[in-house]
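Asker: Protein chains in written order, with this note's numbering: chain A, 1 to 121; chain B, 122 to 227.
#1: Specify the secondary structure class of residue 86/A as computed by DSSP and reduced to three states.
#2: Look up residue 56/A in the DSSP assignment and say whether it is helix, strand or coil.
#3: Determine the chain B residues that contact residue 113/A at a beta-carbon separation under 9 Å, and present them in chain order.
#4: Using a Cβ-Cβ cut-off of less than 7 Å, list which residues of the region 193-219 of chain B approach chain E; keep chain order.
#5: What distance in whole Å lies between the Cβ atoms of residue 222/B and residue 123/B, which are believed to be in contact at a cut-off of 8 Å?
#6: Count the other CB atoms, across all protein chains shown, that sit within 10 Å of the CB of residue 56/A; report buried if there are 16 or more and exposed otherwise.
#7: Give a yes or no on whether the minimum CB-CB distance between residue 35/A and chain B is below 9 Å.
#8: Could you say which of 66/A, 8/A, 51/A lies nearest to residue 32/A if we only look at CA atoms?
#9: Alpha carbon to alpha carbon, what distance is there between residue 88/A and residue 13/A?
#10: Counting only beta-carbon atoms, is residue 221/B nearer than 9 Å to chain A?
#11: Look up residue 202/B in the DSSP assignment and say whether it is helix, strand or coil.
#12: When the Cα atoms are used, what is the spatial distance from residue 190/B to residue 25/A?
#13: Figure out for me which residue from 119/A, 15/A, 96/A, 40/A has the closest Cα to the Cα of residue 111/A.
#14: Quick check on residue 106/A - is its C-beta less than 9 Å from some C-beta in chain B?
#15: Could you tell me the alpha carbon to alpha carbon distance between residue 63/A and residue 48/A, rounded to whole angstroms?
#16: Got a sec: is the Cβ-Cβ distance from residue 56/A to anything in chain B below 9 Å?
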């Protein structure tokens, strides 16, 4: 069974950093693209970025709103995907979901349950 | 960047109604469009991909159509479990979601 479980969320002050983890099971993480999608309270879905599968070079892409501040990575040996979030802003407050996609088409069959990140002083 | 615009933002309907939601792309995305259903406090659930392909396990009352810049999601006979928010998503270039359509009980 495919499972994705996010962890690492919490309350953080503006300007600080936080790293979210997405631990997967039921598949080989390097064989798939992994994305992060967020949802601010009461708002819609916003794509954050992705890391491509190893077959597609494992490269990353980001939304303009987070480029230069967020970094997505993956540890294949641990079956974990990460998003390192630096210079956090209050507008980064959201539930962050990780999701899996089959290259080359970035639509999401499988999602985690989400991790809440609150950026506030 | 490709922008996705859904309409309506809110839709009031009754059980058994036929419901249609529209999604427009700011440029052609061929058939690179997916539809999701989301219920409060839950992750989205994939309904349709490649504009018209039904995800495994999704009831056949859901259908999708369109290509280029205009797409529709149709629920042929609304069921109680269908009251939720629906999002379109383009994956032609990176990814962009529509703003969502909330289907409410009339």
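In this text, a Cβ means the ideal position worked out from N, Cα and C, and glycines have one as well.
All values reported here derive from a predicted model rather than from experimental measurement.
Answerer: The short version:
#1: Here residue 86/A is taken as the residue at index 86 of the first chain, counted from 1. DSSP places residue 86/A in coil when its eight states are reduced to three.
#2: For the purposes of this step, residue 56/A is taken as residue 56 along the first chain, with counting starting at 1. Helix at residue 56/A.
#3: By one-based count along the first chain, residue 113/A stands at place 113. Under the 9 Å cutoff, chain B gives 163, 164.
#4: No chain E appears in the structure shown, which is made up of the protein chains A and B.
#5: Sequence index remark: in the second chain, residue 123/B carries index 2 (1-based). Sequence index remark: in the second chain, residue 222/B carries index 101 (1-based). Contact doesn't hold; Cβ gap of about 18 Å is too wide.
#6: Translated into positions along the first chain, residue 56/A becomes position 56. The residue is exposed, with fewer than 16 neighbouring Cβ atoms inside 10 Å.
#7: Sequence index remark: in the first chain, residue 35/A carries index 35 (1-based). Yes, contact with chain B.
#8: Here residue 32/A refers to the residue found at position 32 of the first chain. Closest option to residue 32/A, Cα to Cα, is 51/A.
#9: Within the first chain, residue 13/A is the residue found at index 13, counting from 1. Within the first chain, residue 88/A is the residue found at index 88, counting from 1. Roughly 8 Å separates the two Cα atoms.
#10: As a first step, residue 221/B is located in the second chain; it is residue number 100 there, counting from the start. Closer than 9 Å: yes.
#11: Here residue 202/B corresponds to residue number 81 of the second chain, with the count starting at 1. DSSP places residue 202/B in helix when its eight states are reduced to three.
#12: Along the second chain, one-based indexing puts residue 190/B at 69. Along the first chain, one-based indexing puts residue 25/A at 25. Roughly 37 Å separates the two Cα atoms.
#13: Translated into positions along the first chain, residue 111/A becomes position 111. Taking only the C-alpha atoms, the option nearest residue 111/A is 96/A.
#14: If you number the first chain from 1, residue 106/A lands on position 106. Judged by the 9 Å Cβ criterion, residue 106/A is in contact with chain B.
#15: Counting from one through the first chain, the residue named residue 63/A turns up at place 63. Counting from one through the first chain, the residue named residue 48/A turns up at place 48. Taking the straight line from one Cα to the other gives about 5 Å.
#16: By 1-based counting over the first chain, the position of residue 56/A is 56. It does not; no Cβ of chain B falls within 9 Å.
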